[in-house]
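Trainee: Got a structure for you, questions after.
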Amino acid sequence: MLPYLIKRLGSLIVSLFVASLVIFACIEIVPGDPASFMLGVNAQPDTVNALREELGLNTSHTQRYVSWISGLLKGDLGTSYTYRSPVSDIVADRLQVSVPLALYALTLTILIAFPVGVLAAAWRGSAVDLFVMGATQLGIAVPNFWFAILMVIVFAINLGWFSAGGFPGWDAGILAVIKALTLPAVALALPQASILARVMRSSLLDTLSEDYIRSARAKGLSRRQVMWRHALRNAMIPVLTIIGLQFSFLLAGAIIIENVFFLPGLGRLVFQAITQRDLIVVESVVMLLVFAVVLVNFLVDLAYAWVDPRLRERS
Amino acid sequence: MSLLSIQDLSLSIHGQSILDCVSMDIGPGEICGVIGESGSGKSLTALSVMQLLPEGAKCSGSIALSDIEILQADEKTLCNIRGRAVGMVFQEPMTALNPVQTIGQQVAETIRIHQRVSRSDAMVQAANTLRKCELPQERFPLSRYPHELSGGQRQRVVIAMAIALQPKLLIADEPTTALDVTTQAEILRLLQRLVAEDGMGLMLITHDLAVVTDIADHIVIMNNGKVVECGQAKALHSNMNHPYTKSLFKASTHQPERLGQVEDTVLLSVQNVVRDYPMARKSLIKKPAPFRALNDVSFNIYKGECLGLVGESGCGKSTLSRAIMGLDDTQGGVITLNGRDVFADETAREKMQVVFQDPYGSFNPRHKVGRLVSEPFFRLGRSATNDEIVESLVSVGLEAEDRNKYIHEFSGGQRQRIAIARALIIKPELIILDEAVSALDVSIRAQILDLLAKLSTERGLTYLFITHDLTVVKAISDRVLVMRDGRIIEHGDTKTVFHSPHHDYTKKLIASAPQIQPVEGINI
């Protein structure tokens, strides 16, 4: 187990290092001056020079990379050029929306996908299975922003159960937060749940045709017992992989839904930073997202080892 | 009264008839051997008793287990019977166990779903059952996972799962087919002992006559979903009535006729070959020692010869064949074909071809046979002419029209003929047959061996015949090499090695191999 853990941890560190190099190179080294890019074509040379000074662009690449990384490690992400405040404060603000939203959506995804996938696999070929396959097909095909707009009309405007947009902040109380985040979380969860339910179903069907399932039935286990005791855990590996990918996606890829519901999340922050050419924010937030993705993958690797004893020994 | 009584059992799956009026009886403490080739319906007979049939299956007739009529029983009764009154052991021990549960949990599960016992009591019983199956807790703790055990050990766990509640009937479906001969002998002895100790009835299903004739009291022979002959084992062996039974026995002891001459020239020379595999790292500091799969292996094959290479799984047979074909680099030694180094001179390899074990997996299903057969030419930068394709197909007993068909349209035996046609088309001198007949039924195997003998007579072909099956080697090869742990431990003339083996391992191997006494006076 220990070599497996250390190897995974090593790959985590290497991934982060490589990603930081790539991000740094894309933004700071490739031809074109970041300062004049940020200020636009009509900027005065004096202003550009002042910004170059502020950004430390007059020092060497290595020096800038080292100071960027050491800043990141200390939690200092620099100062946003457009907002004129520390990037770490802005990001922390946005994470208060994005992390709960992603976790909420992922929980819904799992709560929907697991029972639906198990049901479809247990009743393969039946009406239940056909319905699940059709509904998940639809869930994947329908754009979630359109679905989000429908939900706003029905549940926010007509029924008034949830808010139609905006985020009241955590000071407004947990209930207000739930009211604000439920519709976006559902909109995010539906396509993801459709994907996950299908993966769950097909992985379970593969597992159910294994020899050891037949052995278990020969011991006297019923279909239901076989499903819970033998099939489910063996079917988890592909499901865990997808869950890991989905969490990463939900954290940063919620930009359209954030726009529909007017939520101040990370996705919108990156989008705004890019349109406003605020490279300092872009650089740091992208690095942060890479860190989140790599960390989630590491956790998924740990989950693999927990599920499958054979992986604990393979290094 | 018999323990299990099957009367006029017929089975159809999605309307297609599979079993037709099958009847047999098994008494307590009796071993009943059910023999048949693939597709004869022997496994589905067993699954009918367990009622674990595939979807769309319909049974009629009667299966009585003591006083319970299985075909009338509801699912709850059946779950009660399975594991408690009837235990079942399957063919493939590598996949028959749940990979994410320990062996203790899996054996204890049989106990816990049928009896109200605590987890710890069930574990104690599981440990006792495993000990009975010769897996003592001191050496094989209950916390082991299946992947930490060998094939034979896993099969013992499967047997322990099946007998944990001392069922009255044990069904073993090809329990030793996937195992080495020495392991096979041990598992058969274990089954015999369990039957004697517990008075279980045993239904032993196999395609291998030799496995059954020694230990069964009663034999049932099946063909195309019907019982063609049944009776007491000894009586049946000396007095066969049905032509199918006779042909089955004849095919099992078939001796193909080879008339080719062995020349004095060396065709393939293997000298001091060493092959190391890197091992997985277990410790952080120590570098793992490599695994030596081939250790100083040397031998020659002469032109026109058939050399048999026998050994159990993991002994290095396949590694050796890969090295000879130049597929894997070696860490020492020289391999030459016609005096040309197979690694240095790639064109040297044109004069050798290979036929693998699995006739299902070794063809691309999306190409037609004509293209599949002409594959060896692709390296030479041209494709085979129509005449060449037809000639090679005809020479292995297929039709010229078969070139336009896809591989799924052929049976296992026909596919193996196509594999041989693919090897022949480039007119090689050496053909490596890597377990080439192991997956085939006895009658098909006899046909393929005849074909190989005919081809070697006609074309002066040389064979390296790699197999774990001693009967086959004995039937076809001139000389034999015995391999163990990456070394050649014995070599010599086939007759000499089989009659007076020197090495202890060879003796053990030959003693373990089940044999049928040839029966005089069978004419078909």
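Protein sequences appear in the order of chains A and B.
Quick note on my numbering: the first sequence kicks off at 612 and runs consecutively.
Quick note on my numbering: the second sequence kicks off at 1242 and runs consecutively.
All C-beta atoms in this analysis are idealised placements derived from N, C-alpha and C, irrespective of residue type, glycine included.
None of these values were measured; they are calculated from a predicted model.
Which class does residue 1601 of chain B belong to by DSSP, given the choice of helix, strand or coil?
Mentor: Locating residue 1601 of chain B in the second sequence gives position 360, counting from the first residue. Reduced to three states, the DSSP call for residue 1601 of chain B is coil.
Trainee: With 8 Å as the C-beta to C-beta threshold (strictly closer), list the residues of the segment 835 to 863 of chain A near chain B in chain order.
Mentor: Listed by position along the chain: 836, 840, 841, 844 and 845.
Trainee: Give a yes or no on whether the minimum CB-CB distance between residue 1320 of chain B and chain A is below 8 Å.
Mentor: Here the question's residue 1320 of chain B lines up with position 79 in the second sequence. Yes, residue 1320 of chain B counts as interfacial toward chain A.
Trainee: For the beta strand (DSSP E) containing residue 1257 of chain B, name the first residue and the last one.
Mentor: Taking the first residue of the second sequence as position 1, residue 1257 of chain B is located at position 16. Segment 1257 to 1267, the beta strand (DSSP E) holding residue 1257 of chain B.
Trainee: To test your reading of the DSSP string, which unbroken beta strand (DSSP E) runs of 3 or more residues are found completely within the segment 1307 to 1381 of chain B?
Mentor: Runs of the beta strand (DSSP E) inside the segment 1307 to 1381 of chain B: 1327 to 1330.
Trainee: Under 8 Å, Cβ to Cβ, is there at least one residue of chain A near residue 1329 of chain B?
Mentor: Here residue 1329 of chain B is taken as the residue at index 88 of the second sequence, counted from 1. Taking Cβ atoms only, chain A reaches closer than 8 Å to residue 1329 of chain B, which makes this a yes.
Trainee: Is there at least one Cβ from chain B nearer than 8 Å to residue 702 of chain A's Cβ?
Mentor: Counted from its first residue, the first sequence places residue 702 of chain A at position 91. It does not; no Cβ of chain B falls within 8 Å.
Trainee: Is it the case that the Cβ atoms of residue 1720 of chain B and residue 1733 of chain B are separated by a distance below 8 Å?
Mentor: Taking the first residue of the second sequence as position 1, residue 1720 of chain B is located at position 479. Taking the first residue of the second sequence as position 1, residue 1733 of chain B is located at position 492. Closer than 8 Å, so yes.
Trainee: Give the interface partners of residue 1722 of chain B over in chain A, defined as CB-CB distance under 7 Å, in chain order.
Mentor: Working through the second sequence from its first residue, we reach residue 1722 of chain B at position 481. Going along chain A, no residue has its Cβ under 7 Å from residue 1722 of chain B, so there is no contact; the nearest lies around 34 Å.
Trainee: Terminal residues of the continuous alpha helix (DSSP H) containing residue 1566 of chain B?
Mentor: Locating residue 1566 of chain B in the second sequence gives position 325, where the first residue counts as 1. Counting along the chain, residue 1566 of chain B falls outside any alpha helix (DSSP H), and DSSP gives it neither H nor E.
Trainee: Would you mind sorting residue 1421 of chain B into buried or exposed? The rule is 16 or more other CB atoms within 10 Å of its CB.
Mentor: In the second sequence, counting from the first residue as 1, residue 1421 of chain B sits at position 180. Looking at its Cβ environment, which holds 16 or more other Cβ atoms inside 10 Å, residue 1421 of chain B is buried.
Trainee: Near residue 1427 of chain B, what residues of its chain come up, given a Cβ to Cβ distance below 6 Å and the 5 sequence neighbours on each side ignored?
Mentor: Position 186 of the second sequence holds residue 1427 of chain B. Excluding sequence neighbours, residue 1427 of chain B sits near nothing in its chain.
Trainee: Helix, strand or coil for residue 1755 of chain B per DSSP?
Mentor: In the second sequence, the residue the question calls residue 1755 of chain B occupies position 514. Correct three-state label for residue 1755 of chain B: coil.
Trainee: What are the start and end residues of the beta strand (DSSP E) that includes residue 692 of chain A?
Mentor: For the purposes of this step, residue 692 of chain A is taken as residue 81 along the first sequence, with counting starting at 1. That residue, residue 692 of chain A, is in no beta strand (DSSP E); it is neither H nor E in DSSP.
Trainee: List, in order along the chain, the chain A residues whose C-beta lies closer than 8 Å to that of residue 1336 of chain B?
Mentor: Locating residue 1336 of chain B in the second sequence gives position 95, counting from the first residue. Neighbours of residue 1336 of chain B on chain A, chain order: 821, 822 and 823.
Trainee: For the beta strand (DSSP E) holding residue 1232 of chain B, just list the boundary residues, first then last.
Mentor: This structure cannot speak to residue 1232 of chain B, because chain B is shown only from 1242 to 1765.
Trainee: Does the CB of residue 817 of chain A have a neighbour CB from chain B at under 8 Å?
Mentor: The sequence position of residue 817 of chain A within the first sequence is 206, counting from 1. No, residue 817 of chain A lies away from the interface with chain B (no Cβ there is under 8 Å from its Cβ).
Trainee: Under three-state DSSP, which class holds residue 1521 of chain B?
Mentor: Stepping through the second sequence from its first residue, residue 1521 of chain B is reached at position 280. If DSSP states are grouped into helix, strand and coil, residue 1521 of chain B belongs with coil.
Trainee: How many Å lie between residue 888 of chain A and residue 1336 of chain B at the Cα?
Mentor: The sequence position of residue 888 of chain A within the first sequence is 277, counting from 1. The sequence position of residue 1336 of chain B within the second sequence is 95, counting from 1. Using only the alpha carbons, I get a separation of about 58 Å.
Trainee: Where does the unbroken beta strand (DSSP E) through residue 1473 of chain B begin, and where does it stop?
Mentor: What you label residue 1473 of chain B is simply residue 232 of the second sequence in a count that begins at 1. Its beta strand (DSSP E) spans residues 1467 to 1473.
Trainee: Where does residue 1699 of chain B fall in DSSP's three states?
Mentor: Taking the first residue of the second sequence as 1, we reach residue 1699 of chain B at position 458. Helix.
Trainee: Can you say whether residue 679 of chain A is buried or exposed, counting buried as having 16 or more other CB atoms within 10 angstroms of its CB?
Mentor: On the first sequence, position 68 is the one that residue 679 of chain A refers to. Label assigned to residue 679 of chain A: buried.
Trainee: Taking the straight line between their C-alpha atoms, what separation do you get for residue 1257 of chain B and residue 1311 of chain B?
Mentor: Your numbering for residue 1257 of chain B matches position 16 in the second sequence. Your numbering for residue 1311 of chain B matches position 70 in the second sequence. If I take the Cα positions, the gap works out to 22 Å.
Trainee: Using a Cβ-Cβ distance cut-off of 8 Å, determine whether residue 1249 of chain B contacts chain A.
Mentor: As a first step, residue 1249 of chain B must be located in the second sequence, where it is residue number 8. It does not; no Cβ of chain A falls within 8 Å.
Trainee: What separation, rounded to the nearest whole angstrom, lies between the Cα atoms of residue 663 of chain A and residue 617 of chain A?
Mentor: Within the first sequence, residue 663 of chain A is the residue found at index 52, counting from 1. Within the first sequence, residue 617 of chain A is the residue found at index 6, counting from 1. Whole-angstrom Cα-Cα distance: 41 Å.
Trainee: In whole angstroms, what separates the C-alpha of residue 924 of chain A from that of residue 612 of chain A?
Mentor: Your numbering for residue 924 of chain A matches position 313 in the first sequence. Your numbering for residue 612 of chain A matches position 1 in the first sequence. Approximately 6 Å between the Cα atoms of the pair.
Trainee: Under a Cβ-count criterion, where at least 16 other Cβ atoms within 10 Å of its own Cβ denotes burial, should residue 841 of chain A be classed as buried or exposed?
Mentor: In the first sequence, counting from the first residue as 1, residue 841 of chain A sits at position 230. It is buried - the Cβ of residue 841 of chain A has at least 16 other Cβ atoms within 10 Å.
Trainee: Can you give me the start and stop residues for the alpha helix (DSSP H) that residue 1492 of chain B sits inside?
Mentor: As a working note, residue 1492 of chain B is residue 251 in the second sequence. Start and end: 1484 to 1493.
Trainee: Please state whether the Cβ-Cβ distance between residue 1659 of chain B and residue 1692 of chain B is less than 8 Å.
Mentor: Within the second sequence, numbered from 1, the residue matching residue 1659 of chain B stands at position 418. Within the second sequence, numbered from 1, the residue matching residue 1692 of chain B stands at position 451. No, the pair does not count as a contact, with Cβ atoms beyond the cut-off.
Trainee: Taking C-beta pairs closer than 9 Å, name the residues in chain A that residue 1339 of chain B reaches, listed in chain order.
Mentor: Within the second sequence, the letter at position 98 stands for residue 1339 of chain B. Those within 9 Å of residue 1339 of chain B in chain A are 821, 823, 824, 826, 827, 840, 841, 844 and 845.
Trainee: Name, please, each residue of chain B whose Cβ falls closer than 7 Å to the Cβ of residue 790 of chain A.
Mentor: Counting from 1 along the first sequence, the entry for residue 790 of chain A is found at position 179. Those do not exist, as residue 790 of chain A stays about 42 Å from chain B at its closest Cβ, beyond 7 Å.
Trainee: Closest to residue 1533 of chain B by CA distance: which of B/1548, B/1561, B/1553 and B/1512 is it?
Mentor: Residue numbering aside, residue 1533 of chain B sits at position 292 when the second sequence is read from its first letter. Nearest of B/1548, B/1561, B/1553 and B/1512 to residue 1533 of chain B, Cα basis: B/1561.
Trainee: Name the residues in the segment 1544 to 1564 of chain B whose C-beta lies less than 7 Å from a C-beta of chain A; which are they?
Mentor: Under the 7 Å Cβ criterion, the segment 1544 to 1564 of chain B contributes no residue.
Trainee: Tell me, which residues are paired with residue 1731 of chain B by DSSP?
Mentor: The count along the second sequence starts at 1 and reaches residue 1731 of chain B at position 490. Paired residue(s): B/1723.
Trainee: If distances are taken between C-alpha atoms only, which option among B/1722, B/1663, B/1278 and B/1405 comes closest to residue 1685 of chain B?
Mentor: Residue mapping note: residue 1685 of chain B aligns to position 444 of the second sequence, counting from 1. Selected option, being the one with the closest Cα: B/1278.
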